[in-house]
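Participant: Using UniProt numbering, the first residue of the first sequence is number 1, and each one after it goes up by one.
Just so it is clear, CB atoms sit at the ideal spot from N, CA and C, and this is done for glycine as well.
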Amino acid sequence: MPAPWVLHVDLDEFLAAVEVLRHPELAGRPVVVGGRGDPTERAVVATASYAAREHGIRSGMPLRTAVKRCPDAVFLPADNPTYEAVSVQVMDVLRGLDGVVVEVMGWDEAFLGVETDDAEAFARHVQDAVRSATGLRSTVGVGDNLLRAKIATGFGKPQGVFVLTARNWAEVMGHRPTRALWGIGVRTERTLAERGLHTVADLAAADPAALAADLGPAMGPYYVQLGRGIGRERVDPTPWVPRSHGRETTFQTDLDDWDAVRGEVAALARRVAGEIAAGGISGAGRPARRVGVTVRFVPFTTRTRSATLPAPTTDPEVLAAAALEVLERFPTRRAVRLLGVRAEF
DNA sequence: TCTGGGGTCCTAGGACCC
DNA sequence: TCTGGGGTCCTAGGACCC
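(1) Rounded to whole angstroms, what's the CA-CA distance from A123 to D254? Just pull it up for me.
(2) Would you grab the beta carbon distance between D108 and S87 for me? Rounded to a whole angstrom, and I think it's under 8 angstroms.
(3) Out of N80, H175, N145, A133, state which residue places its alpha-carbon closest to the alpha-carbon of L112.
(4) Could you tell me which whole alpha helix (DSSP H) segments of length 4 or greater appear in the segment 48-136?
(5) Shortest alpha-carbon distance to K157 belongs to which of A193, V241, H8?
(6) In whole angstroms, what separates the C-alpha of H198 from that of W182?
(7) Bridge partners for R289 per DSSP, in chain order?
(8) Based on Cα-Cα distance, which residue from V20, V100, R42, T40 lies nearest to T82?
(9) With a threshold of 16 other CB atoms inside 10 Å of the CB of A152, please say whether the residue is buried or exposed.
(10) What residues in its chain sit with their C-beta under 6 angstroms from that of A43, if we drop five residues either side in the sequence?
(11) Contact defined as beta carbons within less than 8 angstroms: I believe V261 pairs with V172. What is the distance between those atoms, to the nearest angstrom?
(12) Give the straight-line distance between the Cα atoms of G283 and D315, rounded to the nearest whole angstrom.
(13) Buried or exposed for D259, please, with buried defined as at least 16 other CB atoms from any protein chain shown within 10 angstroms of its CB.
(14) Give me the Cβ distance between W169 and G229, rounded to the nearest whole Å; I'm assuming they're in contact under 8 angstroms.
(15) In the DSSP assignment, the alpha helix (DSSP H) including F259 goes from what residue to what residue?
(16) Identify every residue that forms a DSSP beta bridge with L197.
(17) With DSSP as the reference, label A311 as helix, strand or coil.
(18) Around the C-beta of P39, are 16 or more other C-beta atoms found within 10 angstroms, so that it is buried, or is it exposed?
(19) Considering only heavy atoms of the ligand ZN, does any lie closer than 6 angstroms to the CB of T165?
(20) So for G283, helix, strand or coil by DSSP?
(21) Could you spell out the range, first to last residue, of the beta strand (DSSP E) harbouring G141?
(22) Verify whether the separation of the beta carbon atoms of V140 and V126 is less than 7 angstroms.
(23) Identify which residue in G154, A204, R148 has its Cα closest to the Cα of H175.
(24) Please report the straight-line C-alpha distance between residue 346 and G135, rounded to a whole angstrom.
(25) Tell me the DSSP secondary structure of F330 in three-state form.
(26) At the level of alpha carbons, what is the spacing between K150 and G279?
(27) Among the residues of its own chain, which have a CB less than 7 angstroms from the CB of A16, if the five just before and after it don't count?
(28) Near P312, what residues of its chain come up, given a Cβ to Cβ distance below 6 angstroms and the 5 sequence neighbours on each side ignored?
(29) In whole angstroms, what is the alpha-carbon distance linking G227 and R53?
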C-alpha cells in the first residue's frame, strides 16, 4: 500500500522569476522587486534574484540599502496583480496533478498531500509539471507532516528535493538553533535561550508544563512539539476564509498635519469598505464587525486602537466615521509615517 | 540597514454577567 | 456582608509568517 506523504512546493525567487519570464534579457542579472521600483523611496525588497542575493541583498531590506550594495541591480516595481495571476496558474497546475490534495499557503507556496511509493520521484514530477506549464522553477520539501515538509524545503533550495521525516529529524535538526524551526523567530529564540534552551534537541527535551507557565498555555507546549518535529499530518484543501482585510500606507514624507491624517484615515477606511463590499479575493462580501486603526509615529513607534462596530457594515461612510472615532482615541498628535485601517469580520 | 504591506494567532487584564 | 468562581466579550500588544 502506498504511504501518505506531505510535499511542500515553494517557487524559487518567485517575483524576480516572474519578471525574468517577461523580460528574458534580465536572466542571470541582479533583479530586485519592491515598492515602486525607485530605490530612493521608503520601501523594502519583496524578492531579490539569486544574482542579487550574491551582493547581500535580502527580502525586507530597505531599497536604499539594496542599491548601495549593488548599484547595478535592476529595480522593478512590485506588480501584485500579475504575481497573483501567475500564482493562480501554478496552483491550478498543482490541483491538476493526479491524486493530490492542495493547501495553498501564499502566492508562491503550497502543501500537497499524496499517497505514493516514491515521494522523491513524485516531487520531481511536480517540479517538471510546474516548470513546463509556467516556466517557473521550484523546490520541494518532502515530509511525514507539514512542519517537516516545510522545513525540508529550506535544505532543498534552489531547484532541489529534500526529505525530512521522523527518521532523520534528530540528525538533521537536533544541533541547529531553535530559530531554524518554522514558528520560532528572533524573539522566541532569545526567550528560550534565557531558559537554557539553545538547540532543537534542547527544546525537544524540555518540559511542556514548565514552558506553559513561562510562555503561555498554548505556546509553551507547542514549542516543545516543534522541537520534536511533530505537527499536522493532514493537508486541508478547504478554501481559506479571511479573518480580516486592511490597507496601510507609509508616507514618503512624514505627515504632521492632523487634518491630513484624518483625511488619509477616512480615505483608507472607504477603500477597505469598497474592497470588502466587492468581495473578490480578500473580503468575500462579508461586513466588518470591528475596525482597527494603526498609527506609526515618527521615528517608528507603532500603536493600534480598535472598536467593535454597533452593527456589521460594508458602508464606506459608516466605516470611515468609525475609523475616525477610533483615531481620536490616540493620545498624541505627533508626526506620523504610516497609517493603516483594518476591518475584521 | 532609518526600517513595506498583507495577514494570522495567542495572551492577559478588565468588564460584565450569573 | 470585605468577598467565589466560571464564562464570555472587548481591547492592546506581541510574535510570527509570506
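Facilitator: Judging by the given coordinates:
(1) On the first sequence, residue 123 is found 123 positions in, with the first residue counted as 1. On the first sequence, residue 254 is found 254 positions in, with the first residue counted as 1. Cα to Cα, the separation comes out at about 49 angstroms.
(2) As a first step, residue 108 is located in the first sequence; it is residue number 108 there, counting from the start. As a first step, residue 87 is located in the first sequence; it is residue number 87 there, counting from the start. D108 to S87, Cβ: 7 angstroms. Contact.
(3) On the first sequence, residue 112 is found 112 positions in, with the first residue counted as 1. The option with the nearest alpha carbon to L112 is N145.
(4) If only uninterrupted alpha helix (DSSP H) runs of at least 4 residues are considered, those enclosed by the segment 48-136 are 50-53, 63-69, 80-95, 119-134.
(5) The count along the first sequence starts at 1 and reaches residue 157 at position 157. Of the candidates A193, V241, H8, the one whose C-alpha sits nearest the C-alpha of K157 is H8.
(6) Indexing the first sequence from 1 puts residue 198 at position 198. Indexing the first sequence from 1 puts residue 182 at position 182. So the alpha carbons of these two residues sit roughly 15 angstroms apart.
(7) Residue 289 sits at position 289 when you count from the first residue of the first sequence. Per DSSP, none; premise fails for R289.
(8) In the first sequence, counting from the first residue as 1, residue 82 sits at position 82. Comparing alpha carbon positions, the residue from V20, V100, R42, T40 closest to T82 is V20.
(9) Mapped onto the first sequence, residue 152 falls at position 152. It is buried - the Cβ of A152 has at least 16 other Cβ atoms within 10 Å.
(10) One-based indexing of the first sequence puts residue 43 at position 43. Contacts found: G34, G35, L63.
(11) Here residue 261 refers to the residue found at position 261 of the first sequence. Here residue 172 refers to the residue found at position 172 of the first sequence. About 50 angstroms separates the two Cβ atoms, so there is no contact after all.
(12) Counting from 1 along the first sequence, the entry for residue 283 is found at position 283. Counting from 1 along the first sequence, the entry for residue 315 is found at position 315. No answer about G283 holds up, because its pLDDT of 48 lies below 50 and its placement is not dependable.
(13) Taking the first residue of the first sequence as 1, we reach residue 259 at position 259. That one is exposed.
(14) Within the first sequence, residue 169 is the residue found at index 169, counting from 1. Within the first sequence, residue 229 is the residue found at index 229, counting from 1. Yes, they are in contact, since the Cβ atoms of W169 and G229 sit about 4 angstroms apart, within 8 angstroms.
(15) Working through the first sequence from its first residue, we reach residue 259 at position 259. At residue 259 the sequence reads Asp, which differs from the Phe that was named. Counting along the chain, the alpha helix (DSSP H) containing D259 begins and ends at 258-278.
(16) Here residue 197 is taken as the residue at index 197 of the first sequence, counted from 1. None; L197 has no bridge partner.
(17) One-based indexing of the first sequence puts residue 311 at position 311. DSSP places A311 within a strand segment (E or B) once states are collapsed to three.
(18) Here residue 39 refers to the residue found at position 39 when the first sequence is read from its first residue. With 16 or more other Cβ atoms within 10 Å, it is buried.
(19) As for the ligand ZN, it is missing from this structure, which has no ligand bound.
(20) Taking the first sequence and counting its residues from 1, the one referred to as residue 283 is at position 283. Confidence in G283 is poor, its pLDDT being 48 and thus under 50, which makes the residue's placement unreliable; the coordinate value appears in the next sentence. Three-state result, G283: coil.
(21) As a working note, residue 141 is residue 141 in the first sequence. Its beta strand (DSSP E) spans residues 138-143.
(22) On the first sequence, residue 140 is found 140 positions in, with the first residue counted as 1. On the first sequence, residue 126 is found 126 positions in, with the first residue counted as 1. Contact flag set, yes.
(23) Residue mapping note: residue 175 aligns to position 175 of the first sequence, counting from 1. Nearest of G154, A204, R148 to H175, Cα basis: A204.
(24) This structure gives no information on residue 346, because the portion of the chain shown stretches from 1 to 345.
(25) If you number the first sequence from 1, residue 330 lands on position 330. If DSSP states are grouped into helix, strand and coil, F330 belongs with coil.
(26) Here residue 150 is taken as the residue at index 150 of the first sequence, counted from 1. Here residue 279 is taken as the residue at index 279 of the first sequence, counted from 1. Their Cα atoms are separated by approximately 31 angstroms.
(27) What you label residue 16 is simply residue 16 of the first sequence in a count that begins at 1. Counting only Cβ-Cβ distances below 7 angstroms, and skipping sequence neighbours, we find V31, V33, T47, A48, S49.
(28) On the first sequence, position 312 is the one that residue 312 refers to. Cβ neighbours of P312 beyond the five flanking positions: P287, R289.
(29) Stepping through the first sequence from its first residue, residue 227 is reached at position 227. Stepping through the first sequence from its first residue, residue 53 is reached at position 53. C-alpha separation (whole angstroms): 30 angstroms.
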